[in-house]
Amino acid sequence: MTAPNILENIGDMLLSGSVEVVDLTGTLGPDTPILQLPPDFARNTPRVEIHKISEYDEDGPFFAWNWLKLGEHTGTHFDAPHHWITGKDYADGYTDSIPVQNFVAPVNVIDCSTEVAKDADFLLSADAVKAWEAEHGAINEGEWVVMRSDWDKRGNDQDTFLNADETGPHSPGPTVDCIQYILSKGITGWGNQCIGTDAGQAGGMEPPYPAHNLLHQANRYGLASLANLDKLPPKGAILIAAPLKIENGTGSPIRALALVPKG
Ligand code: 23J
Ligand code: MN
Numbered sequence: 009m010t011a012p013n014i015l016e017n018i019g020d021m022l023l024s025g026s027v028e029v030v031d032l033t034g035t036l037g038p039d040t041p042i043l044q045l046p047p048d049f050a051r052n053t054p055r056v057e058i059h060k061i062s063e064y065d066e067d068g069p070f071f072a073w074n075w076l077k078l079g080e081h082t083g084t085h086f087d088a089p090h091h092w093i094t095g096k097d098y099a100d101g102y103t104d105s106i107p108v109q110n111f112v113a114p115v116n117v118i119d120c121s122t123e124v125a126k127d128a129d130f131l132l133s134a135d136a137v138k139a140w141e142a143e144h145g146a147i148n149e150g151e152w153v154v155m156r157s158d159w160d161k162r163g164n165d166q167d168t169f170l171n172a173d174e175t176g177p178h179s180p181g182p183t184v185d186c187i188q189y190i191l192s193k194g195i196t197g198w199g200n201q202c203i204g205t206d207a208g209q210a211g212g213m214e215p216p217y218p219a220h221n222l223l224h225q226a227n228r229y230g231l232a233s234l235a236n237l238d239k240l241p242p243k244g245a246i247l248i249a250a251p252l253k254i255e256n257g258t259g260s261p262i263r264a265l266a267l268v269p270k271g
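Quick note, our numbering runs 8 ahead of the 1-based positions in the sequence shown.
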């Protein structure tokens, strides 16, 4: 079958509901959790603000609209290579210069929810990824890999979501060798359900923040605060993760969507 006919079939399957569109996005609003950097960095992203311009009133008798105050790295969002110093020199490493083909790819969903329920600092290792591949099939070049932790079930609550104590934030993520291994397979990017692509304690790894450091060094992408990964199969879904076309942007909130075959 030729590619156009297959697309026609997918169109029919979308219309009939045998391909389902699953929303992998958290709600953006004043309660959206915001990353808090360690105290040696003075500046953080401000909270989301939604300001009404009009809602069928004297400022707009027949229209409603708002303006936003919104960080690039807020809520369900995309990390572009220029976000990290290791990826600073890629001309196609900004939100407005990444080839759009890279935003849409098959997704591998590695379920770590049982482990994370027992240990908020759980780390996914290269060996665990290889064991997952032995069960579900190989991770292929150009695909997304996402870590399911069900962290989204903590909701839009800053304290619960960041899960910090006097030793810093506690949330799951990848080991250094996990990121090295999936990069060796030629993935397009890595996603996490927590505030960032790295684990809460990743500042102490070598290199620090390996998802950021190594993905962006390789001109690859990160996804953070993904929701509803529990609604995806381990393999077989297609992830659409398109950042806003922000000029020289280092990242962007996204409406992350998955196409999932039903039944
Ligand atoms: C800035 C500095 C450090 C980190 C981050 C942002 C993120 O996690 C992010 O949202 O990209 S670790
Ligand atoms: Mn980010």
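For each residue, glycine too, the CB sits at the ideal point set by N, CA and C. All values reported here derive from a predicted model rather than from experimental measurement.
Residue i versus the options, residue with shortest Cα-Cα distance
i: aspartate 165; options: Leu240, Gly37 and Arg156; result: Gly37
i: glutamate 214; options: Gln188, Arg228, Gly230 and Thr196; result: Gln188
i: serine 121; options: Val268, Leu237 and Ala250; result: Leu237
i: alanine 266; options: Leu76, Ala250, Ala245 and Phe130; result: Ala245
i: lysine 126; options: Ala172, Leu45 and Asp158; result: Asp158
i: glutamate 123; options: Asn116, Pro177 and Leu132; result: Leu132
i: glycine 176; options: Gly101, Asp65, Pro47 and Thr103; result: Pro47
i: lysine 138; options: Leu45, Ala210, Asp185 and Asp39; result: Asp185
i: leucine 231; options: Gly181, Glu63, Pro12 and Phe71; result: Gly181
i: proline 241; options: Asp129, Asn148, Val115 and Ala128; result: Val115
Residue range of the alpha helix (DSSP H) that includes residue i
i: alanine 232; result: No alpha helix (DSSP H) contains alanine 232, which is instead part of the beta strand (DSSP E) from 229–232.
i: serine 121; result: 121–126
i: valine 184; result: 184–192
i: proline 218; result: 218–225
i: alanine 136; result: 134–144
i: asparagine 170; result: Looking at the sequence shown, residue 170 is not asparagine but leucine. From DSSP, the alpha helix (DSSP H) with leucine 170 extends over 166–170.
Buried versus exposed, by CB contacts within 10 Å (16 or more), residue i
i: glutamine 201; result: buried
i: threonine 203; result: It is isoleucine, not threonine, that sits at residue 203 in the sequence shown. Result: buried.
i: glycine 19; result: exposed
i: threonine 196; result: buried
i: phenylalanine 111; result: buried
i: valine 108; result: exposed
i: alanine 226; result: buried
i: proline 41; result: buried
i: arginine 156; result: buried
i: arginine 263; result: exposed
i: glutamate 80; result: buried
i: alanine 235; result: buried
Run of the beta strand (DSSP E) containing residue i, from where it starts to where it stops
i: tyrosine 64; result: 57–65
i: phenylalanine 86; result: 85–87
i: aspartate 31; result: 27–31
i: alanine 266; result: 265–269
i: alanine 72; result: 68–77
i: glycine 259; result: 259–261
i: glycine 197; result: 197–199
i: isoleucine 248; result: 245–248
i: valine 153; result: 152–156
Test item: CB-CB of residue i and residue j under 8 Å
i: tryptophan 140; j: alanine 113; result: no
i: threonine 205; j: aspartate 87; result: yes
i: threonine 84; j: serine 179; result: no
i: histidine 224; j: tryptophan 92; result: yes
i: lysine 239; j: valine 27; result: no
i: proline 251; j: serine 260; result: yes
i: glycine 194; j: glycine 150; result: yes
i: aspartate 100; j: glycine 257; result: no
Checklist entry - Which residues have their C-beta within less than 7 Å of a heavy atom of ligand 1, listed in chain order? => result Those residues are Leu43, Leu45, His81, His85, Asp87, His91, Ile203, Gly204, Thr205, Asp206, Tyr217, His220, Gly230, Ala232 and Gly259, given in chain order.
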